[in-house]
Amino acid sequence: MSSKTVVPGDKLGVIEEFEAGEGALTHDGIVRAASVGQVKLDLKKHVVAIGKVRQGTLIPVPGDSIIGKVESAQSSAANVLILSVNDKTNRGGFTGLALFKIGRPMGRGRQRRTTACKTGDLVRATVISDKNTIIHISLDGPRDGVIYAVCSICGGALFRANNSAKCDTCGNIEDRKLAPDFGNMDLKL
Ligand SMILES: [Zn+2]
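Take the sequence shown: its position 184, counted from the start at 1, is 187 in the numbering used here, and no numbers get skipped.
Encoded structure:
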């Protein structure tokens with residue numbers, strides 16, 4: 004019995020191993036989750052299906068405030084492992100997808116921000132959509148942004164220096180979309 008929670012698109016296996024059961028689908032020879040839930044393997048029938056999320060696991064919905072760890076980040080998007088929802092610990096293993104607007108003309112006098120967040124950062128974000136059961140999040144809200152980050156050069160903790168994040172140890176300055184309480188949040192995760 005596996006209790007791993009998956010979201011749509013997660014790879015479950017290949018068709019040589021399993022058939023897609025309820026809540027799963029096959030595409031290009033790969034079996035993927037088509038719904039949010041827990042993986043159920045039937046090893047006798049070689050079927051992988053997605054069961055309902057166990058009770059008590061809250062699926063984040065639009066309007067929720069989440070805190071999560073950035074698992075991967077590019078200039079256009081980031082995947083965030085959700086650790087808490089509305090300040091309550093959530094170990095459902097949900098991933099939020101943040102899309103960043105890039106290539107927009109720069110407003111007058113505004114510095115172009117190239118990096119909203121980096122891998123390993125802790126961020127606060129707002130769930131803006133759960134269309135197709137993909138959890139879309141945004142870092143644009145007034146309370147949202149990076150709340151904790153370390154220096155990409157020396158690994159020291161970063162602190163706020165005006166609108167940038169500055170390393171106390173080596174003086175390196177990094178660009179982030181900072182939350183108002185960046186660097187001084189009392190983390191309870
Ligand atoms: Zn440093």
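For each residue, glycine too, the CB sits at the ideal point set by N, CA and C.
Keep in mind that this is a model prediction, so the values were computed, not measured.
Between the Cα of L84 and those of G32, V9, V153, spot the shortest distance and give me the residue it belongs to. V9
Can you check which of these residues, A76, G159, L15, is closest to I176 by C-alpha distance? G159
Compute every distance between the C-beta of T118 and the non-hydrogen atoms of ligand 1, then say whether any falls below 7 Å. no
Any heavy atom of ligand 1 closer than 7 Å to the beta-carbon of I176? no
In whole angstroms, what separates the C-alpha of G95 from that of I62? 8 Å
Among D31, I150, V39, D67, the one whose alpha carbon lies nearest that of K55: V39
Pairs of beta-carbons, one from the region 38-52 and one from the region 9-18, closer than 8 Å: are there three or more? yes
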